[in-house]
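Undergrad: If you count the sequence shown from 1, you need to add 154 to reach this note's numbering.
Next up is a structure, given as structure tokens.
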Amino acid sequence: MDLMDLLLHDHKKFWGTHLMIENKKPSFYSKEFKELMDMMTDEDPHKRATLKDIELSKWYNKEVYSEDELKKVMKKYLNERYDKENMIFEDEVIEDEKAKSGN
């Protein structure tokens with residue numbers, strides 16, 4: 155399956171396939187983000203989003219985090235990701251120890 159072909163010709167199928175490959179929930183990307191990406195990747199250059207279109211888009215004009223809010227959000231995200239990676243690592247160590255001990 156060629157994602158670039160889907161991106162250019164079938165946005166709905168592109169997003170479904172992309173989410174499946176990335177193992178993401180449909181809500182991972184906002185509707186506004188997907189609309190903007192679809193506009194920016196239109197195969198027809200006359201229909202493709204201009205910089206002005208991008209600046210006027212709902213996604214571009216959404217409320218953004220303050221610097222402090224962003225730090226909190228990123229810290230939480232990175233801590234959750236670190237915890238998940240360590241859990242996987244710990245599970246693998248436990249399995250290795252079980253295999254070595256013959257259990």
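Even for Gly, the Cβ is constructed at its ideal location relative to N, Cα and C.
1) Can you tell me which of E223, S220, L232 and Y214 puts its alpha carbon nearest to the alpha carbon of S184?
2) Is there contact between the segment 187-195 and the segment 157-169, where contact requires at least three CB pairs shorter than 8 Å?
3) What's the C-alpha gap between I175 and S181?
4) What first and last residue would you give for the alpha helix (DSSP H) that runs through T195?
5) Alpha carbon to alpha carbon, how far is E197 from L160?
6) Can you give, in chain order, each stretch of the alpha helix (DSSP H) that sits fully within the segment 158-215 and has at least 4 residues?
TA: Considering the structure as presented:
1) In the sequence shown, the residue the question calls residue 184 occupies position 30. Measuring C-alpha to C-alpha distances from S184 to each of E223, S220, L232 and Y214 identifies Y214 as the nearest.
2) Of all C-beta pairs linking the segment 187-195 to the segment 157-169, three or more are shorter than 8 Å, placing the two stretches in contact.
3) As a first step, residue 175 is located in the sequence shown; it is residue number 21 there, counting from the start. As a first step, residue 181 is located in the sequence shown; it is residue number 27 there, counting from the start. Spanning the two alpha carbons is a distance of roughly 15 Å.
4) Translated into the one-based positions of the sequence shown, residue 195 becomes position 41. T195: not part of any alpha helix (DSSP H); DSSP gives it neither H nor E.
5) In the sequence shown, residue 197 corresponds to position 43, counting from 1. In the sequence shown, residue 160 corresponds to position 6, counting from 1. When rounded, the distance between both Cα atoms is 11 Å.
6) Fully enclosed alpha helix (DSSP H) runs of 4 or longer: 165-176, 185-194 and 205-210.
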